[in-house]
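Structure, as C-alpha coordinates:
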Amino acid sequence: DPNTGARTILFDTPVSTDGISFAPDYRTLYWNSEFGQIIKAELDVAGNLVGDPTVLTTINLGGGFDLLDGMTVDVCGNLYVIRMSGHVIRVTPDGQQLEVIDFSNFPGGVFISAANFGSGYGGFERENLYVMNLNGGVFEIEMGIPGKWEPHL
(Lines of atoms letter the chains of each structure in order from A and count residues from 1; the text may use other names and numbers.)
(Lines give C-alpha, C1' and ligand atoms only; values in the text may rest on other atoms or scores of the structure.)
Protein backbone atom coordinates (compact mmCIF):
# COMPACT_ATOMS: atom_id res chain seq x y z
CA ASP A 1 0.00 0.00 0.00
CA PRO A 2 1.70 3.24 -1.09
CA ASN A 3 -0.02 5.17 1.71
CA THR A 4 0.71 2.87 4.65
CA GLY A 5 3.66 0.82 3.45
CA ALA A 6 1.78 -2.40 4.28
CA ARG A 7 2.63 -5.34 2.02
CA THR A 8 1.77 -9.00 1.59
CA ILE A 9 4.31 -11.68 0.75
CA LEU A 10 2.66 -13.94 -1.82
CA PHE A 11 5.46 -16.48 -2.22
CA ASP A 12 8.79 -17.00 -0.50
CA THR A 13 11.63 -18.80 -2.25
CA PRO A 14 15.36 -19.16 -1.66
CA VAL A 15 16.12 -18.32 -5.31
CA SER A 16 15.63 -15.19 -7.37
CA THR A 17 12.22 -14.57 -8.94
CA ASP A 18 12.36 -12.48 -12.09
CA GLY A 19 9.54 -12.40 -14.68
CA ILE A 20 6.11 -11.25 -13.53
CA SER A 21 2.85 -10.66 -15.39
CA PHE A 22 -0.91 -10.85 -14.98
CA ALA A 23 -3.36 -12.98 -16.96
CA PRO A 24 -5.59 -11.00 -19.36
CA ASP A 25 -8.40 -10.79 -16.76
CA TYR A 26 -5.94 -9.58 -14.08
CA ARG A 27 -7.23 -12.30 -11.71
CA THR A 28 -4.14 -14.52 -11.96
CA LEU A 29 -0.62 -13.33 -11.24
CA TYR A 30 2.32 -15.28 -12.68
CA TRP A 31 5.99 -15.08 -11.83
CA ASN A 32 9.01 -17.27 -12.45
CA SER A 33 12.05 -18.40 -10.55
CA GLU A 34 15.34 -18.21 -12.38
CA PHE A 35 15.72 -21.98 -11.95
CA GLY A 36 12.65 -22.93 -13.98
CA GLN A 37 9.43 -22.73 -11.96
CA ILE A 38 6.41 -20.79 -13.22
CA ILE A 39 4.24 -19.93 -10.22
CA LYS A 40 0.66 -18.71 -10.32
CA ALA A 41 -1.52 -17.06 -7.72
CA GLU A 42 -5.28 -16.56 -8.02
CA LEU A 43 -6.63 -13.19 -6.87
CA ASP A 44 -10.09 -12.01 -5.90
CA VAL A 45 -11.68 -8.84 -7.33
CA ALA A 46 -9.96 -6.75 -4.65
CA GLY A 47 -6.56 -8.19 -5.56
CA ASN A 48 -6.28 -10.41 -2.48
CA LEU A 49 -4.70 -13.84 -2.70
CA VAL A 50 -7.17 -16.75 -2.95
CA GLY A 51 -5.52 -19.90 -1.60
CA ASP A 52 -1.82 -20.55 -1.87
CA PRO A 53 0.33 -19.91 -4.94
CA THR A 54 1.03 -23.07 -6.94
CA VAL A 55 3.64 -24.16 -9.44
CA LEU A 56 2.02 -24.12 -12.90
CA THR A 57 4.97 -25.86 -14.58
CA THR A 58 8.73 -26.21 -14.48
CA ILE A 59 10.84 -25.45 -17.55
CA ASN A 60 13.87 -27.71 -17.90
CA LEU A 61 16.99 -25.60 -18.21
CA GLY A 62 20.43 -26.39 -19.57
CA GLY A 63 23.65 -25.69 -17.75
CA GLY A 64 25.65 -22.50 -17.47
CA PHE A 65 23.82 -19.20 -17.78
CA ASP A 66 20.48 -20.77 -18.80
CA LEU A 67 18.15 -19.09 -16.30
CA LEU A 68 14.61 -17.75 -16.55
CA ASP A 69 14.21 -14.00 -16.66
CA GLY A 70 11.46 -11.78 -18.14
CA MET A 71 7.92 -12.85 -18.99
CA THR A 72 4.80 -11.44 -20.70
CA VAL A 73 1.29 -12.64 -21.62
CA ASP A 74 -0.81 -12.58 -24.81
CA VAL A 75 -4.59 -11.98 -25.13
CA CYS A 76 -5.28 -15.74 -24.85
CA GLY A 77 -3.42 -16.03 -21.55
CA ASN A 78 -0.29 -17.72 -22.93
CA LEU A 79 2.91 -16.77 -21.17
CA TYR A 80 6.10 -15.99 -23.09
CA VAL A 81 8.98 -16.86 -20.80
CA ILE A 82 12.56 -15.77 -21.45
CA ARG A 83 15.41 -18.23 -21.05
CA MET A 84 18.58 -16.16 -20.93
CA SER A 85 20.27 -18.72 -23.20
CA GLY A 86 18.33 -17.20 -26.11
CA HIS A 87 15.05 -19.09 -26.06
CA VAL A 88 11.43 -17.94 -25.69
CA ILE A 89 9.05 -20.58 -24.33
CA ARG A 90 5.26 -20.24 -24.68
CA VAL A 91 3.43 -21.71 -21.68
CA THR A 92 -0.33 -22.18 -21.96
CA PRO A 93 -2.63 -21.45 -18.99
CA ASP A 94 -2.72 -25.21 -18.30
CA GLY A 95 1.10 -25.48 -18.23
CA GLN A 96 1.90 -26.89 -21.69
CA GLN A 97 5.26 -25.68 -23.06
CA LEU A 98 6.50 -24.97 -26.57
CA GLU A 99 9.71 -23.25 -27.64
CA VAL A 100 8.58 -20.53 -30.08
CA ILE A 101 11.81 -18.61 -30.68
CA ASP A 102 15.47 -19.60 -30.62
CA PHE A 103 17.79 -16.58 -30.78
CA SER A 104 20.88 -18.48 -29.64
CA ASN A 105 22.57 -18.46 -33.08
CA PHE A 106 21.83 -14.79 -33.81
CA PRO A 107 24.30 -12.00 -32.95
CA GLY A 108 23.22 -10.74 -29.53
CA GLY A 109 20.78 -13.65 -29.21
CA VAL A 110 22.10 -14.97 -25.94
CA PHE A 111 21.70 -13.22 -22.63
CA ILE A 112 18.15 -12.11 -23.46
CA SER A 113 16.44 -10.77 -20.40
CA ALA A 114 13.06 -9.15 -21.01
CA ALA A 115 10.05 -9.28 -23.32
CA ASN A 116 6.78 -7.47 -23.85
CA PHE A 117 4.23 -7.08 -26.58
CA GLY A 118 3.88 -3.71 -28.26
CA SER A 119 1.31 -1.22 -27.02
CA GLY A 120 -0.08 -0.31 -30.44
CA TYR A 121 1.26 3.23 -29.93
CA GLY A 122 4.35 4.94 -31.31
CA GLY A 123 5.08 2.24 -33.87
CA PHE A 124 5.17 -0.62 -31.35
CA GLU A 125 2.76 -3.11 -32.92
CA ARG A 126 0.41 -5.05 -30.61
CA GLU A 127 1.10 -8.34 -32.42
CA ASN A 128 4.87 -7.97 -32.14
CA LEU A 129 6.97 -9.29 -29.30
CA TYR A 130 9.91 -7.09 -28.28
CA VAL A 131 12.78 -9.02 -26.69
CA MET A 132 15.75 -7.25 -25.09
CA ASN A 133 19.26 -8.57 -24.62
CA LEU A 134 21.69 -7.52 -21.92
CA ASN A 135 23.82 -5.64 -24.47
CA GLY A 136 21.01 -3.13 -24.97
CA GLY A 137 19.69 -4.58 -28.24
CA VAL A 138 16.03 -5.30 -28.95
CA PHE A 139 14.57 -7.92 -31.27
CA GLU A 140 11.12 -7.36 -32.83
CA ILE A 141 9.19 -10.52 -33.76
CA GLU A 142 5.74 -10.67 -35.36
CA MET A 143 3.78 -13.26 -33.37
CA GLY A 144 0.37 -13.11 -35.07
CA ILE A 145 -1.40 -12.57 -31.74
CA PRO A 146 -1.54 -9.39 -29.65
CA GLY A 147 -0.38 -9.06 -26.10
CA LYS A 148 -2.94 -8.73 -23.33
CA TRP A 149 -4.48 -5.31 -22.80
CA GLU A 150 -2.37 -3.17 -20.52
CA PRO A 151 -3.30 0.25 -19.22
CA HIS A 152 -1.31 2.98 -20.96
CA LEU A 153 -1.40 6.67 -20.28
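This note's numbering puts the last residue of the sequence shown at 639; the count rises by one with no breaks. Here a beta-carbon is modelled for each residue, glycine too, at the ideal position from N, C-alpha and C. Note that the structure is a prediction, hence the values are computed from the model and not measured.
Self-check item: Exposure of residue 525, with buried meaning 16 or more beta-carbon neighbours within 10 Å
Solution: buried
Quiz item: Enumerated in chain order, which unbroken segments of the beta strand (DSSP E) with a length of 3 residues or greater are wholly contained in the region 595 to 620?
Solution: 598 to 603 and 614 to 619
Self-check item: Secondary structure of residue 513, DSSP reduced to three states
Solution: coil
Quiz item: Contact check, residue 598 vs residue 618 under 8 angstroms by CB: the rounded distance?
Solution: 7 angstroms
Quiz item: Can you list the beta strand (DSSP E) stretches of 3 or more residues lying completely in the region 532 to 592, in chain order?
Solution: 535 to 544, 554 to 559, 565 to 569, 573 to 577 and 583 to 588
Quiz item: Between residue 578 and the rest of its own chain, which residues show a CB-CB distance below 7 angstroms, the 5 nearest in sequence each way excluded?
Solution: 564
Quiz item: In the DSSP assignment, what are the bridge partners of residue 490?
Solution: Paired residue(s): none; residue 490 is not in a bridge.
Quiz prompt | Own chain, CB closer than 6 angstroms to residue 584, minus 5 neighbours either side, in chain order | solution = 576
Quiz item: So what's residue 508 in DSSP terms, helix, strand or just coil?
Solution: strand
Quiz item: Do residue 601 and residue 574 have their CB atoms nearer than 8 angstroms?
Solution: yes
Quiz item: CB-CB under 7 angstroms to residue 522, same chain, minus the five flanking residues each way: which ones, in chain order?
Solution: 544, 545, 546, 547 and 554
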